[in-house]
Structures are given as C-alpha cells and as structure tokens.
Amino acid sequence: MTKRPISLFNTLTRRVEPVVPVAPEHISLYTCGPTVYNYAHIGNLRTFLFQDLLKRTFQTAGHRVRHCMNITDVEDKIIRDSQGTLPPEATNEARHGAMKALTDRFTAVFLEDLASLRIQPADFLPRATDYIPQMIQLVQALAAKGLAYVRDGSVYYRIAGLPQYGCLAHLDREGMQAGASVDADEYERDSVTDFVLWKAAKPGEPWWDSPWGAGRPGWHIECSAMGLELLGEHMDIHSGGVDLIFPHHENEIAQSEGSLGHRWVNHWVHGEFLLVEGQKMSKSLGNFYTLRDLTDQGVDPLTLRYAIQSNHYRKVLNFSFEGLRAADHSLKRIRAFRKRMEGAGVAGGGPWKEALEPAVRLEQAREAFWAAMADDLNTPEALAAIFTLITDLNGQDDHSALTREERTLVLAFLDETDAIFAAWPHEAASLDAEVEAFIEARRAAKAAKNWAEADRVRDDLKALGIVLEDRKDGSTGWRRG
Ligand SMILES: [Zn+2]
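Next up, the structure:
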C-alpha cells in the first residue's frame with residue numbers, strides 16, 4: 048500500500064512540516080497519558096480524541112504506528128488524595144497500597160472512557176511505578192554529565208547547563224533564574240528555574256530506595272524514562288495539550304536530550320484548550336463535565352467524539368449543548384446516506400444527466416478529503432468534502448439510481464473516512480477492536496476490585512449488543528446477543 052504523506056504543525060519550529068519517519072517501517076508516537084486520581088474531564092478527553100484522530104489518520108494513510116501512552120500513577124496530587132486516611136505511623140508498604148488502590152481504580156475508569164469514545168488503546172500503556180529503575184538511571188546519567196545536582200536529598204536539573212533549554216516554549220534565556228529551584232511538578236512560565244528530578248521522601252509519603260536516599264520521581268522524568276525505554280532514542284511525534292508545553296515538555300526535552308546528547312523528538316504536536324459555553328471549565332462555575340456527566344444526560348459518546356473532532360485541533364474549542372445538537376444532526380445525515388447506499392440499487396443504472404459520473408465525483412471527494420487531512424489534520428475541510436459528496440450523490444440518486452458497483456465504491460469511501468472519525472461505522476464492522484478495548488477496561492476494573500465499574504462496562508457492551516462470557520480459566524469471551 049502506498050503511504051500518503053502527512054504534515055503537522057510542529058511547536059518546535061512553529062511551522063507545518065511533513066512527518067518523515069525516523070525508521071521507515073513505522074511512525075513512533077508518544078502521548079502523555081492521564082494522571083489517574085480522578086475522572087477525566089472533557090478538556091482532557093479532547094486531547095486524547097485529537098491524538099486518536101492523529102494516529103488513525105496515519106494508519107489509514109498506510110503507515111504503521113507504534114504508540115506509547117503512559118499512565119502517571121505516582122505524582123503530587125495522587126499522593127495528596129491517597130494518603131489522607133492513613134495514620135502517621137503507616138508503613139511504606141501500606142502507603143504504596145493506598146496509592147495503588149486509587150490509581151488502579153481510576154486507570155480502569157479511564158480505559159472505559161477511551162473504549163466508549165472508540166479511542167484505540169496504545170500499543171504500550173506503561174505505568175510509571177513500573178519504571179522507577181529506569182528513572183533513577185536517567186537521573187544518574189544527567190548527574191554524570193553535570194546536568195543534575197543534589198540538595199537535601201532531592202535532585203535538580205541544572206537548566207543553565209543545557210544551551211537549548213527553552214527551545215520548545217520559546218523562552219527568553221535572560222529571564223531564567225539559574226540556581227533557584229522548585230519542588231513542585233507544575234509551575235508558571237514566569238518562574239523558569241531548575242526543576243526537580245527526584246524528590247526526597249517527606250513524612251507521610253510512599254517512597255523508593257535510591258542512590259540519594261528514600262524518595263520518589265518528579266513527574267517530568269517519568270515520561271522521559273518511559274519514552275526512551277519503549278520508543279527508543281529518536282522518535283517521530285510527541286504530543287499533549289498546549290498546557291504541557293511548559294514546563295512538562297520543555298523539561299522532558301532537557302532530560303532526554305541532556306542525557307542523549309542529540310535530538311530526541313522530531314515533531315512536537317499540541318492540541319488546544321476547550322471552553323464550555325465560552326467560559327473556562329471550573330467546578331465552581333458548575334460547567335465542569337466528565338464523560339459520565341454527559342452520558343447520564345443522554346449524550347451519545349460518539350456525538351461528543353464528532354463534535355470535538357469536527358473542530359480543528361489547534362483552535363480553542365467552545366463546547367456547548369447547541370454544538371452537540373449540530374453534531375448529532377450531521378452524524379444523522381452521514382448515517383442516513385450510508386443506509387441509502389447500502390440499499391440494493393439498480394443493476395446497470397440509468398443514463399447520467401449530469402456532466403460528472405459518480406465515480407469521478409467520488410474521486411474528487413477522496414482527493415479533497417485527503418488533501419485536508421494531510422494538511423495538519425484539517426477536519427472541518429475534510430468533513431466538508433464528505434458532505435459535498437452526500438449532497439451530489441443524493442441528488443443524482445433521486446433521478447437516476449446509482450448502480451450496485453457505484454454504491455460499493457461509495458461505501459468503501461465511507462469506511463475509509465470512518466477508519467479516522469470512527470462515528471459512522473458499517474453495522475457490525477470493526478466492532479472487534481472496540482469490544483476488546485471494553486474487555487481490557489473491565490479486566491482493569493476487576494483487578495482494582497472495582498465491581499461497580501466492571502458491571503458498568505458489562506452494561507456498556509450490552510448496549511452494543513454484546514454478551515460477555517467469563518470462562519473458567521479467567522479469560523473473557525464474547526458473542527453478539
Ligand atoms: Zn509526559
């Protein structure tokens with residue numbers, strides 16, 4: 048299969064540039080995953096939906112994608128929320144247990160959200176706590192190069208030691224406070240300082256042994272260590288929301304390139320924010336939504352998927368219920384057209400009264416669709432190409448029915464575009480991967496002993512007409528019920 052080239056906006060160069068794979072056999076993609084201490088809100092989900100669209104676009108364009116998404120399961124907020132009920136004298140083992148109970152629970156919830164939204168699971172889904180030795184090694188490598196120093200049992204990155212520090216966020220090096228250091232994982236652009244790689248254990252926190260004493264990793268080192276371990280020393284695309292550009296991604300570059308001594312990532316790709324009815328989402332404003340909040344109100348996850356993906360990923364998206372209604376209307380049009388094309392049609396067909404044959408129109412639509420997607424994932428234009436085709440062919444079909452062969456070609460195009468948008472599937476087609484994603488989410492819920500969650504996944508599948516069968520050997524089978 049010939050591969051279509053795809054161009055993406057690169058935050059590093061501020062230009063739309065073609066993605067030229069480092070290794071010809073695949074595109075390597077790292078996406079910063081969730082911090083699993085709570086339900087993801089629709090702003091988080093927008094980022095994961097954009098990354099799914101990105102990945103599916105490459106796949107449908109003929110590329111193989113090796114995708115790694117981490118699960119952050121040790122971090123400031125996780126510790127804050129998991130340790131509260133433990134007495135001061137609790138053992139380190141008990142503290143780790145409490146942390147794991149919280150993160151297992153929300154990992155299962157997260158995987159279920161992904162499955163509901165038809166977001167493909169990553170090839171690698173590493174949990175940070177499984178990569179502590181790699182993180183320690185990376186910090187040691189930085190220290191050996193003079194890029195890290197120890198202070199009171201914590202280790203900090205010396206940003207003055209790396210000439211390219213600030214290249215991604217386009218920081219002014221004059222304003223940096225070399226020598227000053229912060230312990231927090233998240234901080235503002237106006238306090239560019241040495242950042243923490245390894246944190247000395249504080250009373251009441253879970254810890255690991257390290258060459259610097261008891262402690263735990265900083266958030267930024269987690270992604271560098273897992274990305275290097277699973278995708279190698281030079282990757283094609285690294286992605287996250289715009290809020291991760293600084294400090295998280297800037298610090299990832301400092302850690303990885305500081306230790307490697309060469310370029311680590313070719314393309315940095317960032318998705319924009321989401322507003323709700325024109326305002327920043329916040330719990331105090333009452334406009335804070337998780338996927339469950341919306342499905343409880345009867346919103347179909349695929350309508351949310353379409354509403355988000357029909358906007359360009361680099362534009363701020365104003366989420367609204369009006370927008371959801373419009374998305375629902377658009378989806379109904381595409382699905383109704385698909386049904387019409389699945390109808391029998393007339394063998395042979397009638398003479399064409401228009402200048403263009405349907406096959407020619409179809410080819411024009413396909414070219415327009417791919418030209419838009421290849422140009423930095425321009426989804427509004429790509430969808431416009433589909434709607435133009437629908438209008439044209441519905442009009443043609445009204446006065447001179449399409450042949451069976453023509454309908455087959457149109458359906459193939461709908462399948463091709465649905466491989467990216469995943470919102471107008473052929474009945475029963477491509478369901479297998481989706482069911483597997485749900486089964487994975489249920490397995491995670493059961494591992495976390497979260498029975499309510501496991502039942503919820505079973506109900507989600509029932510809605511798709513799938514019945515699960517738990518086998519004696521512990522595996523799960525399924526059939527269409
Ligand atoms: Zn990350």
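For what it's worth, this note's numbering labels the leading residue of the sequence shown as 48, then goes sequentially.
Ideal Cβ positions, reconstructed from N, Cα and C, are used throughout, including at glycine.
Handout entry: Check your reading: residues with Cβ closer than 5 Å to ligand 2 heavy atoms
Key = For ligand 2, the structure offers nothing, since it holds only ligand 1.
Exercise for the section: Return the chain-ordered list of same chain residues with a C-beta closer than 7 Å to the C-beta of Pro405, the five sequence neighbours on each side being excluded. Expected result: Leu440, Gln443, Leu449 and Glu453
Practice task
Pair every Cβ in the segment 218-238 with every Cβ in the segment 109-121, then say whether three or more of these pairs are closer than 8 Å.
Solution key: Too few Cβ pairs lie closer than 8 Å, so no.
Exercise for the section: Just tell me which of Glu140, Val323, Ala145 and Lys124 has its CA closest to the CA of Thr132. Expected result: Ala145
Handout entry: C-beta contact flag for Gly9 and Ile53 at 8 Å
Key = The structure shown does not extend to residue 9, since the chain spans only 48 to 528, so no value can be given for it.
Handout entry: Residues of its chain near Ala195, where Cβ-Cβ distance is below 7 Å and the 5 sequence neighbours each way are ignored
Key = Val186, Leu189, Val202, Tyr203, Tyr204, Arg205 and Leu244
Handout entry: Short Cβ contact (8 Å threshold) for Phe171 with Leu101
Key = no
Problem - Every unbroken beta strand (DSSP E) inside the segment 179-231 [3 residues or more] - result: Segments of the beta strand (DSSP E) lying fully in the segment 179-231: 195-198, 201-204 and 224-228.
Practice task
Mind listing, in chain order, the continuous alpha helix (DSSP H) runs of no fewer than 4 residues lying wholly within the segment 376-464?
Solution key: 405-421 and 426-446
Practice task
From the DSSP output, read off the bridge partner residues of Lys327.
Solution key: For Lys327, which the question treats as bridged, DSSP gives the partners Leu322.
Practice task
Run through the segment 252-280 for me and flag every whole alpha helix (DSSP H) of 4 or more residues, listed as ranges in chain order.
Solution key: 266-278
Exercise for the section: Over the uninterrupted alpha helix (DSSP H) stretch that includes Tyr234, give me the two end residues. Expected result: Tyr234 -> no alpha helix (DSSP H), and no H or E assigned at all.
Exercise for the section: Measuring alpha carbon to alpha carbon, tell me which of Pro253, Tyr234 and Thr240 ends up nearest Asp219. Expected result: Thr240
Practice task
Out of Glu487, Leu164 and Tyr234, state which residue places its alpha-carbon closest to the alpha-carbon of Thr94.
Solution key: Leu164
Practice task
Give the single residue among Leu158, Val121 and Thr154 whose Cα lies nearest to the Cα of Arg142.
Solution key: Of the candidates Leu158, Val121 and Thr154, the residue whose Cα lies closest to the Cα of Arg142 is Val121.
Exercise for the section: Compare the C-alpha of Pro168 against each of Ala495, Val514 and Glu483 and name the closest. Expected result: That would be Glu483, whose Cα lies nearest to the Cα of Pro168.
Handout entry: Proximity below 8 Å, CB of Leu24 to CB of Ile300
Key = In the structure as shown, the chain starts at 48 and stops at 528, and residue 24 therefore has no counterpart that could be examined.
Handout entry: Inter-residue spacing [alpha-carbon to alpha-carbon] between Asn358 and Glu136
Key = 52 Å
Practice task
Compute the Euclidean distance between the alpha carbons of Lys400 and Leu409, then round it to the nearest angstrom.
Solution key: Annotation note: pLDDT 49 at Lys400 (below 50); position unreliable, coordinate value reported separately. Roughly 17 Å between the two C-alpha positions.
Practice task
Determine the direct distance from the alpha carbon of Asn497 to that of Ala374, and round the result to whole angstroms.
Solution key: 34 Å
Exercise for the section: Would you identify the three-state DSSP class for Tyr353, choosing helix, strand or coil? Expected result: helix
Practice task
Decide yes or no for the touch test of the segment 67-81 against the segment 328-335: beta carbon pairs closer than 8 Å, at least 3 of them.
Solution key: no
Practice task
Under 6 Å Cβ to Cβ from Leu209, same chain only, skipping five residues before and after it: list those, please.
Solution key: Ala301 and Gly305
Handout entry: Rounded straight-line distance, which links the Cα of Gly512 to that of Trp525
Key = Per the coordinates, the alpha-carbon of Trp525 lies some 10 Å from the alpha-carbon of Gly512.
Exercise for the section: Can you check the segment 62-119 for any alpha helix (DSSP H) of at least 4 residues that lies completely inside it and give the ranges in chain order? Expected result: 89-107
Exercise for the section: Note the first and the last residue of the continuous beta strand (DSSP E) segment covering Lys362. Expected result: Run containing Lys362: none; DSSP gives neither H nor E here.
Handout entry: Element boundaries [beta strand (DSSP E), containing Val156]
Key = Segment Asn139 to Ser163 is the alpha helix (DSSP H) holding Val156; no beta strand (DSSP E) there.
Handout entry: Buried/exposed call for Phe416, threshold 16 Cβ in 10 Å
Key = Counting every other CB atom within 10 Å of its CB across the protein chains shown gives Phe416 a total of 16 or more, marking it as buried.
Handout entry: Ala491 classed as buried or exposed, judged by whether at least 16 other C-beta atoms fall within 10 angstroms
Key = buried
Practice task
Would you grab the beta carbon distance between Gly200 and Gly279 for me? Rounded to a whole angstrom, and I think it's under 8 Å.
Solution key: 32 Å between Cβ atoms; not a contact.
Handout entry: Cβ pair Thr78, Met116 closer than 8 Å
Key = Cβ atoms of Thr78 and Met116: closer than 8 Å.
Practice task
Compare the Cα-Cα distances from Glu571 to each of Gln184, Gly265, Val363 and Pro294 and report the closest residue.
Solution key: No information on residue 571 is available, as it lies outside the stretch 48 to 528 that the chain covers here.
Exercise for the section: Starting from Asp502, follow its DSSP beta bridges and name the residues at the other end. Expected result: Answer is none; Asp502 lacks a bridge partner.
Exercise for the section: Give the DSSP-derived three-state secondary structure of Asp520 in the structure shown. Expected result: Coil at Asp520, not helix or strand.
Problem - Exposed unless 16 or more other CB atoms sit within 10 angstroms - verdict on Thr438 - result: exposed
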